[in-house]
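Residue numbers (the working numbering): 67 to 176. Quick notes on the structure that follows.
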């Protein structure tokens, strides 16, 4: 006998035995009861986990926020501030100029 001819029998027999283990008879009422029971267990577990987290958050044992020490003595660089303000004023002036005096665009049809 060839070694390859034995292998398919092994696979088919193990698949057949696994099929017997995991196959369920078709009983809609029983399957619906199982499905309802599993859904109820998952819902109860979810509610339990959420209640636990809610309790931990309320008792301040979880998700603690610590504030970093702030450096309130920050000095503003006046040269950089004035350059930013001058650029902002120039952009603002340019916008008002374009709003009041729109650029002349030649008519392409003529």
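Beta carbons are placed, not taken as given, at the ideal position from N, Cα and C, and that holds for glycine.
Cβ-Cβ distance between residue i and residue j below 9 Å
i, j, result
"residue 128", "residue 122", "yes"
Endpoints, alpha helix (DSSP H) assigned at residue i
i, result
"residue 115", "94-124"
"residue 145", "144-166"
Proximal residues to residue i (C-beta, below 8 Å), its chain only, five neighbours per side dropped
i, result
"residue 155", "none"
Residues of its chain near residue i, where Cβ-Cβ distance is below 6 Å and the 5 sequence neighbours each way are ignored
i, result
"residue 135", "none"
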